[in-house]
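The sequence shown begins at 9 in my numbering and counts up by one. Written out below as structure tokens is the structure these notes cover.
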Amino acid sequence: MSIQKEHIPGSRRFSNILWCIILASAGSSFWFSGFHSDLALQGAIMCFYGSVAFTLSIYLFLTIWWDVGGGYNLYDTDKKSVTIWRKGFGKQQIHLEYKREQIQSLKVVVKDGLNPKREIYLCTISGAQIPLTAVGEPMPLAQLEQKATQLAKWLGLAGIV
């Protein structure tokens, strides 16, 4: 029985928690200073900015609380299948299962620059491209190459696109 389970971290990251705290404190500060302002128009604008920032912090808090994007990839060579499970908003769950016959290839995307991107996609015969790597910090190129090669061997694929 050869099953490989890979944990995928979701939105519970230190950077998201830090941004949530910053937005909540800045939003409440703007709202209170706008509420206690003697200038009517400037106070109303500051209350608006504070409300927007606080609303964004609540959205980010709920995203962290529900761990949106977290889950696992399950590679089963006995059943010749790949199962992808992710958490969504609220009680929503994303569950995808593909048989070996439905998998066409693996696609590796490397984009450097200001917003670097290093991801591995599972390409199906129907044309779907499902990301297999976690969102967040891009992994080193050597690790990305090793992981893609290991997955291609594990799934019995001919090559990597």
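Every residue gets a Cβ at the ideal spot worked out from N, C-alpha and C, and that includes glycine.
query, result
"Three or more C-beta pairs below 8 angstroms linking the segment 52-67 and the segment 87-101", "no"
"Closest Cα partner of Lys-99 within the set Leu-68, Glu-109, Trp-73 and Val-118", "Trp-73"
"Three CB pairs or more closer than 8 angstroms across the segment 28-47 and the segment 156-167", "no"
"For Ser-19 and Trp-27, the rounded distance between their alpha carbons", "12 angstroms"
"Beta-ladder partner(s) of Tyr-80, from DSSP", "His-15 and Trp-93"
"Leu-114 beta carbon less than 8 angstroms from that of Leu-130", "yes"
"Reduced DSSP secondary structure (H/G/I, E/B, other) of Thr-63", "helix"
"CB contact flag (Tyr-80, Gln-12, <8 angstroms)", "no"
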